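Enquirer:
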Amino acid sequence: MEKRYDVLIVGSGVGGLYTALSLPEELSVLVLSKQSDTLSNSNLAQGGVAAVLSFENDSFDLHINDTMIAGGQANDPEAVDVLVHEGPDDVRKIMTFGVDFDKNPDGTIQKTLEGGHSRRRIVHHKDTTGAELVKKLLAEAHRRKNITQCENSLVYKLEKVKSGFCAYILQNGEAKTVFADYCVLATGGIGRVYKYTTNPAVATGDGIRLAYELGAAIKHLSYVQFHPTAFNGPDREQFLISEAVRGEGAYLLNCNKERFMHRYDERLELAPRDVVSRSIILESRKTGSNNFYLDITHRDREYLLNRFPGIYAGCLEHGVDITKDLIPVFPCQHYLMGGIDVSLDAATTISRLYAVGECSHTGVHGKNRLASNSLLEALVFGRRAATDIKRCIDKGFAHVEVSERECDITGAPVPKGMRNEINSIMQRAYFVIPDEDAVRTGLKQVDRILKRLQSGKFAITPEYCETLSIATVAHIILKEVDEG
Ligand SMILES: Cc1cc2nc3c(=O)[nH]c(=O)nc-3n(C[C@H](O)[C@H](O)[C@H](O)COP(=O)(O)OP(=O)(O)OC[C@H]3O[C@@H](n4cnc5c(N)ncnc54)[C@H](O)[C@@H]3O)c2cc1C
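Sequential numbering from 1012 applies to the sequence shown in the numbering used here.
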């Protein structure tokens, strides 16, 4: 790692990688991952990428309409327009990097259906689309001489300096600093603020905290998506049963093994996620049971093994054979629609600071993301961030001034149990259907924890940094909900 780069990208998910690959090859680019370069939400994405790649039975207007309906019409129409119109070219671009979407026997790209989509338009690589994208984008990044990539490099503080940023990094436990003219936050989701989430361990909202500490505008952080059908098992990280399973005909059943969605929405199992999650919670109150199931056993075994190999294997690990058994499911935290507020060029309110992917708020998702629009957003706005950075560089903006920085990372260990306490508060107060009283008391408890973390002299460790991020994100969410 050098002392200075033109562009620092914090995060190696689809957002961070595609931004790096969209930058001119004359620029020096540093891409950091908190742990391994494949531990990310991107790598777990199953269903696919939504894009109108042909107009035979689809149109941009239909995709826009579906996105706005799912988002409760709270989406930013301009951002949705950009997403839907520009997305297909980005999907074609990643195919030039080798991304292999499943094909029909005649060689055309297969398209699947997911909740909230009025047409089959989701392109996929079996049920491991995200891993395919990350693998091919990483391989392309490794080929580029201008891109340096470092794993186990946690950015714990971002300082605005003249003409750029100084990033404070814990690299394999050692404190380092790096300077960059431009910084792109691509740090992904906030799942670990909750007790149960589909997100991996790195999803602690660090980028949102870093931007918040710099004074960047944060918007709609309370727009949290709860996926209706996570595997209902004992684990903290819940295994997702993709919407595509319902798209391919799975029924959602209550504890009496009866379909029930007709009581809540005429779109039945394929209603948008927020509707299905809320219906499950209401149905559970009615039946007094949290036992819900997906049933896809009526589909051909060979078809299921070929179409959903990852889900088949994941469920089998828990003793469930999806070709014969009902799959136990329940909603859990999945995605964040709000985030660091950005322009159509992914620029934050802080000069030279950009945010892309799940940590950003572009406004495309409104109150509820349409399935498979997230990878698309990471691609479109990642490329737009890169274009804007290039535009600034072409205008001859000054380079960052590099200087020496002291990094004292010593201090007391972070008190045990804080993370669990925040997780329980959030699960109680703000899960699918908010509990007003729990929000109010939860906010007070979270603020107490946050104050303690900010005022004490704690050792800078991943545990401390992540607890601080989780507390900051929980504080912003609960405050927003409390203030209505
Ligand atoms: C199980 C699952 C299935 C999904 N399925 C789909 C789907 O089918 N289609 C779809 O469109 N979307 C899907 N999503 C959502 C989608 O995957 C994510 O929203 C998207 O991939 C986010 O990409 P990203 O680049 O913003 O963040 P991520 O892919 O999460 O990457 C975040 C990166 O930031 C790094 N990072 C975080 N904090 C720091 C720090 N402090 N210092 C250094 N690095 C840091 C991490 O190491 C990681 O590399 C799914 C999500 C999950 C969890």
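Quick reminder that beta carbons are idealized off the backbone N, C-alpha and C, glycines included.
All figures in this text were calculated on a predicted structure; none of them were measured in a lab.
Between which two residues does the alpha helix (DSSP H) harbouring residue 1182 extend?
Expert: For the purposes of this step, residue 1182 is taken as the residue at position 171 of the sequence shown. It is not in any alpha helix (DSSP H) - residue 1182 instead sits in the beta strand (DSSP E) that spans 1175-1182.
Enquirer: Where does residue 1234 fall in DSSP's three states?
Expert: The residue labelled residue 1234 in the question sits at position 223 within the sequence shown. Residue state, collapsed to three classes: coil.
Enquirer: Am I right that residue 1396 and residue 1357 are in contact with their C-beta atoms under 8 Å? What's the rounded C-beta distance?
Expert: Taking the sequence shown and counting its residues from 1, the one referred to as residue 1396 is at position 385. Taking the sequence shown and counting its residues from 1, the one referred to as residue 1357 is at position 346. Correct: roughly 4 Å between the Cβ atoms.
Enquirer: What's the C-alpha gap between residue 1307 and residue 1355?
Expert: Residue 1307 sits at position 296 when you count from the first residue of the sequence shown. Residue 1355 sits at position 344 when you count from the first residue of the sequence shown. Rounded to the nearest angstrom, the two C-alpha atoms are 40 Å apart.
Enquirer: Check the DSSP bridge columns for residue 964 and list the partner residues they point to.
Expert: Residue numbering for the chain in the displayed model covers 1012 to 1495; residue 964 lies beyond these limits and cannot be assessed.
Enquirer: Looking at residue 1337 and residue 1158, is the spacing between their C-beta atoms short of 9 Å?
Expert: Residue mapping note: residue 1158 aligns to position 147 of the sequence shown, counting from 1. Residue mapping note: residue 1337 aligns to position 326 of the sequence shown, counting from 1. Result no, Cβ atoms of residue 1158 and residue 1337 do not sit closer than 9 Å.
Enquirer: For ligand 1, is there any heavy atom lying closer than 8 Å to the beta carbon of residue 1233?
Expert: Taking the sequence shown and counting its residues from 1, the one referred to as residue 1233 is at position 222. No, the beta carbon of residue 1233 sits no closer than 8 Å to any heavy atom of ligand 1.
Enquirer: Quick check on the DSSP output: what are the complete alpha helix (DSSP H) runs of length 4 or more inside the region 1023-1049, in order along the chain?
Expert: Counting whole runs of 4 or more residues, the region 1023-1049 contains the alpha helix (DSSP H) stretches 1025-1033.
Enquirer: Judging by CA-CA distance, which residue of 1151, 1123, 1081, 1131 is the nearest neighbour of residue 1104?
Expert: Position 93 of the sequence shown, counted from the start, is the residue given in the question as residue 1104. Closest by alpha carbon: 1151.
Enquirer: Threshold first: 3 residues or longer. Then list the beta strand (DSSP E) segments lying entirely within the region 1255-1326, N to C.
Expert: Counting only runs of 3 or more, we get 1262-1264, 1303-1306.
Enquirer: I believe residue 1436 touches residue 1456 by the beta-carbon criterion, under 8 Å. Please report the beta-carbon distance rounded to the nearest angstrom.
Expert: Here residue 1436 corresponds to residue number 425 of the sequence shown, with the count starting at 1. Here residue 1456 corresponds to residue number 445 of the sequence shown, with the count starting at 1. With 8 Å as the limit, residue 1436 and residue 1456 qualify as a contact, their Cβ atoms being about 6 Å apart.
Enquirer: Give a yes or no on whether the minimum CB-CB distance between residue 1149 and chain B is below 9 Å.
Expert: No chain B is part of this structure, which consists of one protein chain only.
Enquirer: Tell me, to the nearest whole angstrom, how far the beta carbon of residue 1339 is from that of residue 1304; I am working on the premise that it is less than 8 Å.
Expert: Taking the sequence shown and counting its residues from 1, one reaches residue 1339 at position 328. Taking the sequence shown and counting its residues from 1, one reaches residue 1304 at position 293. 6 Å between Cβ atoms; contact.
Enquirer: Taking DSSP as the reference, what is the three-state secondary structure of residue 1339?
Expert: Working through the sequence shown from its first residue, we reach residue 1339 at position 328. Residue state, collapsed to three classes: strand.
Enquirer: Under DSSP, the beta strand (DSSP E) around residue 1482 begins and ends at which residues?
Expert: Counted from its first residue, the sequence shown places residue 1482 at position 471. Looking at the DSSP string, residue 1482 is not in any beta strand (DSSP E); the run it does join, the alpha helix (DSSP H), is 1473-1493.
Enquirer: If you reduce the DSSP assignment to three classes, tell me which class residue 1164 lands in.
Expert: By 1-based counting over the sequence shown, the position of residue 1164 is 153. Strand.
Enquirer: Alpha carbon to alpha carbon, what distance is there between residue 1443 and residue 1426?
Expert: Numbered from 1 along the sequence shown, position 415 holds the residue referred to as residue 1426. Numbered from 1 along the sequence shown, position 432 holds the residue referred to as residue 1443. Whole-angstrom Cα-Cα distance: 30 Å.
Enquirer: Using the beta-carbon count (16 or more within 10 Å), is residue 1272 buried or exposed?
Expert: On the sequence shown, residue 1272 is found 261 positions in, with the first residue counted as 1. By the 10 Å Cβ count, residue 1272 comes out buried.
Enquirer: Is residue 1476 near ligand 1, in the sense that its beta carbon is under 8 Å from a heavy atom of that ligand?
Expert: One-based indexing of the sequence shown puts residue 1476 at position 465. At least one heavy atom of ligand 1 is nearer than 8 Å to the Cβ of residue 1476, so yes.
Enquirer: Can you tell me whether residue 1345 is buried or exposed? The criterion is at least 16 other CB atoms within 10 Å of its CB, across all chains shown.
Expert: Taking the first residue of the sequence shown as position 1, residue 1345 is located at position 334. By the 10 Å Cβ count, residue 1345 comes out buried.
Enquirer: Does the beta-carbon distance from residue 1139 to residue 1249 come in below 9 Å?
Expert: If you number the sequence shown from 1, residue 1139 lands on position 128. If you number the sequence shown from 1, residue 1249 lands on position 238. Their beta carbons are not under 9 Å apart, which means residue 1139 does not touch residue 1249 by this criterion.
Enquirer: Please report how far the alpha carbon of residue 1137 lies from the alpha carbon of residue 1317, in whole angstroms.
Expert: By one-based count along the sequence shown, residue 1137 stands at place 126. By one-based count along the sequence shown, residue 1317 stands at place 306. Cα-Cα distance, rounded: 7 Å.
Enquirer: Residue 1366 to residue 1264, Cα distance in whole Å?
Expert: Taking the first residue of the sequence shown as position 1, residue 1366 is located at position 355. Taking the first residue of the sequence shown as position 1, residue 1264 is located at position 253. C-alpha separation (whole angstroms): 39 Å.
Enquirer: Smallest Cα separation from residue 1216: which of 1197, 1206, 1112?
Expert: The sequence position of residue 1216 within the sequence shown is 205, counting from 1. Residue 1197 is the option with its Cα nearest to residue 1216.
Enquirer: I want to check one thing, is the minimum distance from the CB of residue 1166 to the heavy atoms of ligand 1 below 8 Å?
Expert: Counting from 1 along the sequence shown, the entry for residue 1166 is found at position 155. Indeed, a heavy atom of ligand 1 lies less than 8 Å from the Cβ.
Enquirer: Evaluate contact between the region 1377-1392 and the region 1073-1086, counting only Cβ atoms and requiring at least three cross-stretch pairs below 8 Å.
Expert: Enough Cβ pairs lie closer than 8 Å, so yes.
Enquirer: Give me the Cα-Cα distance between residue 1289 and residue 1262, rounded to the nearest whole angstrom.
Expert: Residue numbering aside, residue 1289 sits at position 278 when the sequence shown is read from its first letter. Residue numbering aside, residue 1262 sits at position 251 when the sequence shown is read from its first letter. Roughly 17 Å between the two C-alpha positions.
Enquirer: In the DSSP assignment, find the unbroken alpha helix (DSSP H) run with residue 1145 in it and report its ends.
Expert: Counting from one through the sequence shown, the residue named residue 1145 turns up at place 134. First-last of the alpha helix (DSSP H) with residue 1145: 1140-1154.
Enquirer: Going by C-alpha distance, which of 1282, 1297, 1160 is nearest residue 1022?
Expert: One-based indexing of the sequence shown puts residue 1022 at position 11. Looking at the Cα atoms, 1160 is the closest of the given residues.
Enquirer: Under 8 Å, with one C-beta from each stretch per pair, do the region 1182-1200 and the region 1209-1228 reach the 3-pair mark?
Expert: Segments in contact, yes.
Enquirer: Which first and last residues belong to the beta strand (DSSP E) in which residue 1351 is found?
Expert: One-based indexing of the sequence shown puts residue 1351 at position 340. Element bounds for residue 1351: 1350-1352.
Enquirer: Thinking residue 1494 and residue 1460 are a contact (beta carbons under 8 Å), I'd like their distance in whole angstroms, please.
Expert: Position 483 of the sequence shown, counted from the first residue, corresponds to residue 1494. Position 449 of the sequence shown, counted from the first residue, corresponds to residue 1460. Actually they are not in contact, since the Cβ atoms of residue 1494 and residue 1460 sit about 20 Å apart, beyond 8 Å.
Enquirer: Tell me whether residue 1296 is buried or exposed, calling it buried when 16 or more other Cβ atoms sit within 10 Å of its Cβ.
Expert: The residue labelled residue 1296 in the question sits at position 285 within the sequence shown. Exposed.
Enquirer: Could you have a look at residue 1449 and say whether DSSP puts it in helix, strand or coil?
Expert: Mapped onto the sequence shown, residue 1449 falls at position 438. DSSP places residue 1449 in helix when its eight states are reduced to three.
Enquirer: Can you tell me which of 1184, 1027, 1394, 1228 puts its alpha carbon nearest to the alpha carbon of residue 1100?
Expert: Within the sequence shown, residue 1100 is the residue found at index 89, counting from 1. The option with the nearest alpha carbon to residue 1100 is 1394.
Enquirer: Just to check, is the beta-carbon of residue 1084 closer than 8 Å to a non-hydrogen atom of ligand 1?
Expert: For the purposes of this step, residue 1084 is identified with residue 73 of the sequence shown, where counting begins at 1. Checking the Cβ of residue 1084 against ligand 1 gives no.
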